[in-house]
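Chains as they are written, first to last, in the working numbering: chain E, 4 to 222; chain V, 338 to 375. Every residue, glycine too, gets a C-beta built ideally from N, C-alpha and C.
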Amino acid sequence: MTSGWLGKSRPYLWWLAVAMLLCSFWGIAHAPTEAQMGTVQKIIYIHVPSATAAYTAFFVTFVASIVYLVSGKGRRWDQVAVSSCEIGMVFSAVVLVSGPLWARSAWNTWWTWEPRLTSFLIMWILYGGYFLIRSSVSPGSRRDVSAVLGVVLFVSAIVSYLSVAWWRGSLHPRSVTMTPEMRMTLTISIFAWLAFYVAALVERLGLERTRERIEEQAR
Amino acid sequence: MTYAVVAYALAAMIWTGYFLSLRFRAAKLELQEKVTSR
């Protein structure tokens, strides 16, 4: 489906991502259990890496959109932007699903309208709008409109990321006290999910390129 | 323990669903490509 170096690198990227995820799962199984929260704390090893990957994905969308707008409509950058945005949405969904399970144990509630949770949910909904608008505008202006959205919507990601610092009294912790083993496991998990993000992005790019090729053939 | 297991299981389900949707879309495009090239 994908030609060139991108297609050739795909299996290696997947092997790397899977190997790193296996290391991460080994670390999660062997990391010490937190004294107060118990095993529920192990949600951190998927929650934080998924959030990191989501913010990274939206940042890539932001950069690719800017490059598209500046570089005189290089359509490859539009493909990167939309592919990265979609994967960012999936990572965000994992964050939104794993968060309440942790909150239930830590705060005794599934959901609370505190700044980080609210801004993250709003960000997710807004990026959902990116796809809604992209699919509803005419093919001629689709890329331009998407690029503008990719830039503008990144404001919501910045607000979400900095919400813990901006609004005092936020329930969501800025950092969690961890032992060196826990910190190491979290670091490995973050890198593993970032490798997974890159592999998924290449996979999704292949689909986008095939779609564009077919659209060109049909014209 | 249950919440942690549920979180990982749900994450696995989300990613499985996403990759299935990618496969489905790729198959649909391949079919479309065959029709277009005829």
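Per-residue burial, Phe-199 of chain E [other beta carbons within 10 Å of its own, 16 or more giving buried]: Numbered from 1 along the first sequence, position 196 holds the residue referred to as residue 199 of chain E. Counting every other CB atom within 10 Å of its CB across the protein chains shown gives Phe-199 of chain E a total of 16 or more, marking it as buried.
For Ser-108 of chain E, decide whether its Cβ has a neighbour in chain V, counting only Cβ atoms nearer than 8 Å. In the first sequence, the residue the question calls residue 108 of chain E occupies position 105. The C-beta of Ser-108 of chain E comes closer than 8 Å to at least one C-beta of chain V.
Looking only at C-alpha atoms, which of E:Lys-11, E:Trp-17, E:Glu-215 and E:Gly-10 sits nearest to Val-201 of chain E? Locating residue 201 of chain E in the first sequence gives position 198, counting from the first residue. When only C-alpha atoms are compared, the closest one is E:Trp-17.
I'd like to know if Ala-364 of chain V contacts chain E, where contact means its C-beta is closer than 8 Å to some C-beta of that chain. Mapped onto the second sequence, residue 364 of chain V falls at position 27. Not an interface residue.
Buried or exposed for Met-126 of chain E, going by 16 or more other Cβ atoms inside 10 Å? Here residue 126 of chain E is taken as the residue at index 123 of the first sequence, counted from 1. With 16 or more other Cβ atoms within 10 Å, it is buried.
State the Cα-Cα distance for the pair Thr-121 of chain E and Arg-171 of chain E, rounded to the nearest angstrom. The residue you call residue 121 of chain E lines up with position 118 of the first sequence. The residue you call residue 171 of chain E lines up with position 168 of the first sequence. Spanning the alpha carbons of Thr-121 of chain E and Arg-171 of chain E requires a straight line of approximately 14 Å.
At 7 Å on the CB atoms, spell out the chain E contacts of Leu-368 of chain V, in chain order. Numbered from its first residue, the second sequence carries residue 368 of chain V at position 31. Simply none; closest approach about 10 Å.
Who does Gly-41 of chain E pair with in a DSSP beta bridge? In the first sequence, the residue the question calls residue 41 of chain E occupies position 38. Gly-41 of chain E pairs with E:Glu-37.
Got a sec? Which residues, its chain only, sit under 8 Å from Ser-74 of chain E by beta carbon, not counting five neighbours each side? Reading the first sequence from its first residue, position 71 is the one you call residue 74 of chain E. Same-chain partners within the cutoff: Trp-80.
Ala-341 of chain V touches chain A at which residues, Cβ-Cβ below 7 Å? The structure shown contains no chain A; its protein chains are E and V.
So, does the CB of Val-51 of chain E fall closer than 8 Å to a CB anywhere in chain V? Locating residue 51 of chain E in the first sequence gives position 48, where the first residue counts as 1. In terms of beta-carbon proximity, Val-51 of chain E stays away from the interface with chain V, with every pair separated by 8 Å or more.
Out of curiosity, what's the CA-to-CA distance linking Val-66 of chain E and Tyr-133 of chain E? The residue you call residue 66 of chain E lines up with position 63 of the first sequence. The residue you call residue 133 of chain E lines up with position 130 of the first sequence. Roughly 16 Å between the two C-alpha positions.
Mind checking if Glu-206 of chain E is an interface residue toward chain V, Cβ cutoff 8 Å exclusive? Walking along the first sequence from the start, residue 206 of chain E turns up at place 203. Any Cβ of chain V closer than 8 Å to the Cβ of Glu-206 of chain E would place that residue at the interface, and such an atom is present.
Applying a beta-carbon distance threshold of less than 9 Å, which residues of chain V neighbour Leu-210 of chain E? Locating residue 210 of chain E in the first sequence gives position 207, counting from the first residue. Residues of chain V passing the Cβ test: Leu-359, Arg-362, Ala-363 and Leu-366.
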